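Heads up: the sequence shown begins at 865 in my numbering, then just goes up one per residue.
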Amino acid sequence: MRRTRHADKIIEATQSSSAAARSQVAASWHRSANKHGLDPDEARAPERVDQADLDHRRAALDRFMIVASPRLDTLFSLVGQSGCAVLLTDAEGIVLDQRISDGDASVFESWGLTAGADWSEAHQGTNGIGTCLTENRRVIIDRDEHFFSRNTGMSCIDAPIYGADGSVVAALDVSSARADQTEAFNRLISAQVGQTARAIEEAYFRAAYTSGRIIVAEGGDSDAAVLLAVDQDDLVIGATRAARNIFGLQKTGAISARPAADILGREEGPTGFEKAERAAVVRAIARADGNVSQAARQLGVGRATLYRRMKRLGLDAS
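Below is the structure:
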């Protein structure tokens, strides 16, 4: 069988000793051909998991999907009228949820962009979902950047989503089969996909630590959620992936509880305790409208004890 021009280009790049080093797309082509043994001219439609497997995967991420659903709706409201589909996969590239207009459903069905489809790089070669998950980064795989010739009619724009334990939990994908979709439009969609992925990640992290206090820390990457979860003792008990990277915490898994002051560089020791005690006393007095006896009862101490503490902390008894 005579090869397509696209396949010839792929094979030439995968046989080059330097192409993979020069281009991330070529590096993915190289993995697709040499690691996964795929043929770019193979008319391989995505495999689909059976319904029982799909239901199991969805159930395993039930809370995540509840958090993600309204944000998928919002994203689709922005891109759906442009002929785009919104898809959410698990960490293995299996499509769990989708938003597709009725008029475009048959097109995306023919591409295999549908619930249960396996879009991992191992099965579909270079593509938005699979390459995003393999490389743990936002990607745009536009038309002939795909590995399989059959996929070169679409543009795929993806961002990874990280769970509360710092590991990848999903990929968020916007795909389009429009021939007139421009590079500039792809970049605009990519920015929106990144923002939506961050919103889902933040909401999922907050849902995982409902009993804790969430601190929003500063970070250099606007597309990363930099959040810390702190317990009642001001110990950091959770951190998003970006926060783990910034503050030198474990990359994935449960983190060893550490004082927030140690991580954020805030003052601690006696002075820190004095500040915390002073703030607690001031709050109690404010809640009691200046009634020291009532404030003492709130704090669980005697009136005379509270007066002594106020004097030590430099608070005016009047």
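Don't be surprised by glycine CBs; every beta carbon is placed ideally from N, CA and C.
All values reported here derive from a predicted model rather than from experimental measurement.
Determine, using beta carbons only, whether residue i and residue j come nearer to each other than 8 Å.
i, j, result
"Ala-981", "Arg-895", "no"
"His-900", "Ser-1013", "no"
"Ser-1054", "Ser-1040", "no"
"Pro-910", "Trp-983", "yes"
"Leu-1099", "Arg-1062", "no"
"Val-1156", "Arg-1167", "yes"
"Ile-874", "Phe-1011", "yes"
"Ala-855", "Leu-918", "The structure shown does not extend to residue 855, since the chain is modelled only from 865 to 1182, so the question has no answer here."
"Ile-1005", "Thr-1016", "no"
"Leu-1177", "Arg-1147", "no"
Measure the C-alpha to C-alpha separation of residue i and residue j and round it to an integer number of angstroms.
i, j, result
"Val-1038", "Thr-1116", "27 Å"
"Leu-936", "Ala-969", "17 Å"
"Ser-1031", "Leu-1113", "13 Å"
"Arg-886", "Ser-880", "10 Å"
"Phe-972", "Arg-1077", "42 Å"
"Asp-966", "Cys-948", "12 Å"
"Ala-1034", "Ala-883", "29 Å"
"Gln-988", "Ala-1125", "47 Å"
"Ala-955", "Gln-1096", "33 Å"
"Thr-1135", "Gly-1102", "Below a pLDDT of 50, predicted positions are generally treated as unreliable, and Thr-1135, at 49, falls in that range; the measurement from the model is reported next regardless. Distance between the alpha carbons of Thr-1135 and Gly-1102: 26 Å."
"Leu-1163", "Val-1145", "8 Å"
"Ala-877", "Tyr-1026", "32 Å"
"Thr-1074", "Leu-925", "17 Å"
"Leu-1170", "Ile-1110", "41 Å"
"Gly-1058", "Glu-906", "32 Å"
"Leu-1179", "Ala-1118", "41 Å"
"Leu-1128", "Trp-975", "48 Å"
"Gln-1045", "Arg-1051", "11 Å"
"Thr-868", "Arg-908", "15 Å"
"Arg-927", "Phe-1049", "32 Å"
"Ser-946", "Asp-872", "32 Å"
With DSSP run on the structure shown, which of helix, strand or coil describes residue i?
i, result
"Leu-997", "helix"
"Pro-1024", "strand"
"Gln-1045", "coil"
"Ile-964", "coil"
"Pro-934", "helix"
"Asp-919", "helix"
"Val-913", "coil"
"Thr-953", "strand"
"Gly-1102", "strand"
"Asp-982", "strand"
"Ile-958", "strand"
"Ser-1013", "helix"
"Ser-882", "coil"
For residue i, I'd like the list of residues in its chain whose CB is within less than 7 Å of its CB, leaving aside the five on either flank, ordered along the chain.
i, result
"Val-931", "Ile-1064, Ala-1067, Tyr-1068 and Ala-1071"
"Gly-1133", "Confidence is the limiting factor: at Gly-1133 the pLDDT is only 45, short of 50, which leaves the residue's position unreliable and the question unanswerable from this model."
"Phe-940", "Val-950 and Arg-963"
"Leu-942", "Gln-1056"
"Arg-921", "Asp-954, Ile-958 and Leu-960"
"Ala-1152", "Gln-1158, Ala-1159 and Gln-1162"
How would you write the range of the beta strand (DSSP E) that residue i sits in, first residue to last?
i, result
"Ala-1035", "1032-1040"
"Asp-1006", "1003-1006"
"Arg-1172", "It is not in any beta strand (DSSP E) - Arg-1172 instead sits in the alpha helix (DSSP H) that spans 1167-1176."
"Val-1080", "1077-1080"
"Leu-1091", "1091-1094"
First and last residue of the alpha helix (DSSP H) that includes residue i?
i, result
"Ile-1127", "1124-1128"
"Asp-872", "869-879"
"Ala-1106", "1105-1111"
"Val-889", "888-894"
"Ala-1118", "Per DSSP, Ala-1118 belongs to no alpha helix (DSSP H) and is neither H nor E."
"Gln-945", "That residue, Gln-945, is in no alpha helix (DSSP H); it is neither H nor E in DSSP."
"Glu-973", "969-975"
"Leu-1163", "1156-1163"
By Cβ distance below 6 Å, which residues in the same chain neighbour residue i in space, the five residues on each side in sequence not counted?
i, result
"Glu-1009", "Val-889"
"Ile-1149", "Ala-1159"
"Ala-897", "Thr-878"
"Gly-944", "Ser-965"
"Glu-1047", "none"
Suppose the cutoff is 8 Å on Cβ atoms and the five residues either side in sequence are ignored; what does the same chain contact list for residue i look like?
i, result
"Cys-996", "Arg-1002, Val-1003, Asp-1022, Ala-1023, Pro-1024, Ala-1035 and Asp-1037"
"Glu-999", "Gln-888 and Ser-892"
"Met-929", "Arg-922, Leu-952, Leu-960 and Asp-961"
"Val-1165", "Arg-1173"
"Val-1094", "Gly-1076, Arg-1077, Ile-1078, Ile-1079, Val-1100, Ile-1101 and Ala-1124"
"Arg-1007", "Thr-1016, Gly-1017, Met-1018 and Ser-1019"
"Ala-1081", "Val-1090, Leu-1091, Leu-1092, Ala-1107, Ile-1110, Phe-1111 and Leu-1128"
"Thr-938", "Thr-1060"
"Cys-1043", "Correcting the residue type first, residue 1043 is Ala in the shown sequence and not Cys. Closer than 8 Å at Cβ, skipping near neighbours: Gly-1017."
Nearest chain E C-beta to residue i closer than 8 Å, yes or no?
i, result
"Ile-1119", "No chain E appears in this structure, which consists of one protein chain only."
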